[in-house]
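Peer 1: Please see the structure below; I have some questions.
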Amino acid sequence: SVPKSISNTNIDILMNNAGVMALPDERRTQDGFERQIGINFLGHFALTAILMPQLAKKARIINVSSAAHIGAKKNDIEQAIVNNMFAPSKYSQWGNYCTSKAMNILFSKELQRRFDHAGRL
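Position in the sequence shown (from 1) plus 239 gives the number in our numbering.
In structure tokens, the structure reads:
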């Protein structure tokens with residue numbers, strides 16, 4: 240939920256830039272998701288969703304990604320979802336990092352598409 244200290248504030252710029260890279264061992268968030276995807280993508284997604292009501296009409300959302308997104312293989316994102324953000328037996332420190340960055344780009348594109356449809360800049 241939105242902290243009371245900003246509940247009546249309009250946010251002009253939201254920059255999602257938290258991240259971890261290439262964790263050598265498979266780790267999970269408290270919610271059970273693979274940690275790189277949980278921090279690098281799901282954290283950005285959740286924060287944006289929580290703050291959406293506070294965003295000004297012409298607010299800008301910046302989702303930081305990486306050129307590493309090109310390392311995500313064609314089926315990696317689908318498999319990440321099917322396997323609860325990667326089963327431990329399928330963990331790849333760089334594969335998961337690349338996938339998390341590709342997810343950021345896809346999230347950004349979909350968010351922009353929805354903003355365009357709603358008449359937001």
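Note that the Cβ used here is the ideal one computed from N, Cα and C, for glycine as well.
1. Using the Cα positions of S347 and N302, report the straight-line distance between them to the nearest angstrom.
2. Can N249 and A295 be called in contact, C-beta distance under 7 Å?
3. Looking at the strands, I want to know which residues DSSP matches up with R274.
4. In three-state terms, what does DSSP make of D202?
5. How would you write the range of the alpha helix (DSSP H) that A298 sits in, first residue to last?
6. Can you check whether the CB of N343 is closer than 7 Å to the CB of F272?
Peer 2: Let's see:
1. One-based indexing of the sequence shown puts residue 347 at position 108. One-based indexing of the sequence shown puts residue 302 at position 63. About 7 Å.
2. Taking the sequence shown and counting its residues from 1, the one referred to as residue 249 is at position 10. Taking the sequence shown and counting its residues from 1, the one referred to as residue 295 is at position 56. Yes, the Cβ-Cβ distance between N249 and A295 is below 7 Å.
3. Here residue 274 corresponds to residue number 35 of the sequence shown, with the count starting at 1. BP columns for R274 are empty, so no partner.
4. The requested residue 202 does not occur in the structure, where the chain is confined to residues 240 to 360.
5. Against the sequence shown, residue 298 aligns to sequence position 59. Premise fails: A298 lies in the beta strand (DSSP E), 294-302, not in any alpha helix (DSSP H).
6. Position 33 of the sequence shown, counted from the first residue, corresponds to residue 272. Position 104 of the sequence shown, counted from the first residue, corresponds to residue 343. No, Cβ-Cβ distance for F272 and N343 is not below 7 Å.
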